């Protein structure tokens, strides 16, 4: 039995039944990483020793009859934007090269408390700015379906790790689609919870009013299990929701769409969407209809302005958040060349030039522009009004339907380098995912097959009202089952086998 | 509402980089000055979206002050807090001179 092919739920059952040990499962994942990650580059850091130590501890405690968390002993990969005490955290940036956080993020604490071995840290676009993982200072991650293509971004590392069977569970963060879009492009499942549903304490902030951490997995049930572990109120995050968390695991097990009202977002279809993406999306909607869902078309008129609003709000918040990288308290310090006894300000400016990559600088400049005196009202202020309009559109849509659906990404994975010289064309790829972040609502992407023209994965996105994350899991698990029955197996069975290094 | 200028010049980019404390090279200034107008033109459509009657939304959920009991809780030791610093001395962050010569 190849332990790396099991879902987290399947592995957890075998661990609980003492059919396999966590050390065996963890070693199997480490072996898989050693065999394929030279090509994929999903991991920036692998902690074999730490992961095996956690696994051995869980095995000992299980043998002693201790009551353990349901996912105890199931290995996990963590995006490199999440603070992990004693383990490097670079955010894919040179400016944090070698930084080892002195504390754990709340989600890291919860993972450790539940006894999941942490395999390592996954690659990402620098500070989560990008849609392809090509903006990592440590080289791009490659898509396991076609290694000449991007895996999506910013969380391409977590998605590729899961798609390449390097881990069954991974943590992602999603500011404008960084969990969902890589999920779509790698044939995996990714969820952005309701804003405030998962603690942001210990995540390196990109845009504080948009950022949310969430699960990256191969199945909807696995995502629910990880979501439940990560989520819930945290007093150390002042935007954390102090209310009972949605019952996502029960919803994933229910998987019944009979009578569910589903709205197709009119503005997220047609022009600009690849033919094979639209075809797979339409088929999936038909399947939901055949299973008893009621499907109608709804309109979100202010979507027209959402992408523009996002590309003002996000850089504005990022330019402010990234001011903390001042080369004084952490991160690299690079004194200006040729300056004798430079000032702190000069050292800060030269360190930021040396430490930040092209895309990060671009967004900081745009954000600084949008926030500067004389432009603030026209740009940042107007963008915030668009958020209000969009939230109203969603509110009125959710008076008519229970969930909304759209393709997650307008296209399948594109070749490495294809959009690197055209930032605007890269930004346009996020059109379907950014509305959820602006409105704070939850979104789930799941694979719905491959596009006919290129054989690459297509994702379908479900959206629900704030704090109704459970609806995503119910509908997502139902659709997953319908599709797997049709395919005769899971989505990733359609992916090519990776060459294995020996 | 002020009417922002249409384009963005190389001098504007240089000024913004100064505000953002990034010492961009001449080549980077050329690069961004050529690229940013198209991005800013695209995002400028937000100005057509809403009138003065629409409220601005800064956060997707209401944001309130959050208080906790005023009790001592564990925090980082000085050693841990300074561990990532480029330079430190006597349990303090060591920084270059704050005031310039000029």
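Chains as they are written, first to last, in the numbering used here: chain A, 1216 to 1717; chain B, 427 to 528. Glycine included, every Cβ here is placed at the ideal spot set by N, Cα and C. Computed from a predicted model, the values in this text were never measured in an experiment.
- prompt: chain A partners of residue 492/B, CB-CB under 7 Å?
  reply: 1453
task: Would you give the residue range spanned by the alpha helix (DSSP H) that residue 1632/A belongs to?
output: Annotation: residue 1632/A is outside any alpha helix (DSSP H) and is labelled neither H nor E by DSSP.
field: Pick from 1504/A, 1473/A and 1525/A that is closest to residue 1647/A, judged by C-alpha positions
entry: When each option's Cα is compared against that of residue 1647/A, the closest is 1525/A.
- prompt: Nearest to residue 488/B by alpha carbon, out of 1410/A, 1531/A, 1673/A and 1442/A?
  reply: Of the candidates 1410/A, 1531/A, 1673/A and 1442/A, the one whose C-alpha sits nearest the C-alpha of residue 488/B is 1410/A.
- request: Kindly give me the distance between the Cβ atoms of residue 1472/A and residue 1439/A, rounded to whole angstroms, as I take these residues to be in contact under 8 Å.
  value: Not confirmed; about 16 Å, so no contact.
- request: Apply the 10 Å Cβ neighbour rule to residue 1306/A and answer buried if 16 or more other Cβ atoms are within range, or exposed otherwise.
  value: buried
field: Exposed unless 16 or more other CB atoms sit within 10 angstroms - verdict on residue 591/B
entry: In the structure displayed, chain B extends from 427 to 528; residue 591/B sits before or after that span and is not available.
C-beta neighbour in chain A for residue 449/B, strict 8 Å: yes
query: In the structure shown, what three-state DSSP assignment does residue 1383/A receive?
result: coil
query: Skipping 5 residues on each side, what residues in its chain have a beta carbon closer than 6 Å to that of residue 1715/A?
result: 1250
field: For residue 1295/A and residue 1363/A, the rounded distance between their alpha carbons
entry: The straight-line gap separating the alpha-carbon atoms of residue 1363/A and residue 1295/A is approximately 23 Å.
query: When you compare each of 1285/A, 1257/A, 1279/A and 1390/A to residue 1230/A by their alpha carbons, which one comes out closest?
result: Answer by Cα proximity: 1285/A.
- request: Identify, in the order they occur along the chain, each residue of the same chain with its Cβ nearer than 6 Å to the Cβ of residue 1454/A, setting aside the five sequence neighbours on each side.
  value: Non-local C-beta neighbours of residue 1454/A in its own chain, meaning closer than 6 Å and more than five positions away in sequence, comprise 1411, ordered along the chain.
task: On a CA-only basis, which of 1429/A, 1378/A and 1316/A is nearest residue 1712/A? Give me that one, please.
output: Nearest option by C-alpha distance: 1378/A.
Residue 1457/A versus residue 1356/A - alpha carbon distance: 37 Å
- request: Could you tell me if residue 491/B is buried or exposed, where buried requires 16 or more neighbouring beta carbons within 10 angstroms of its beta carbon?
  value: exposed
message: Are the CB atoms of residue 1663/A and residue 1470/A within a distance shorter than 8 Å?
response: no
- prompt: Do you know how far the Cα of residue 1403/A is from the Cα of residue 1340/A?
  reply: So the alpha carbons of these two residues sit roughly 19 Å apart.
query: Would a C-beta distance cut-off of 8 Å place residue 1396/A and residue 1413/A closer than the cut-off?
result: no
field: Below-8 Å beta-carbon distance, residue 473/B vs any chain A residue
entry: By this cut-off, residue 473/B is an interface position.
message: Counting only Cβ-Cβ distances shorter than 8 Å, please list the residues of the segment 1382-1415 of chain A near chain B, keeping chain order.
response: Taking 8 Å as the upper bound on Cβ-Cβ separation, chain B lies near residues 1410 and 1411 of the segment 1382-1415 of chain A.
Proximal chain B residues relative to residue 1199/A, where beta-carbon distance stays under 9 Å: The structure shown does not extend to residue 1199/A, since chain A is modelled only from 1216 through 1717, so no value can be given for it.
field: Cβ contact (3+ pairs, closer than 8 Å) linking the segment 1490-1506 of chain A and the segment 1598-1606 of chain A
entry: no
- prompt: Do you know how far the Cα of residue 1709/A is from the Cα of residue 1233/A?
  reply: 31 Å
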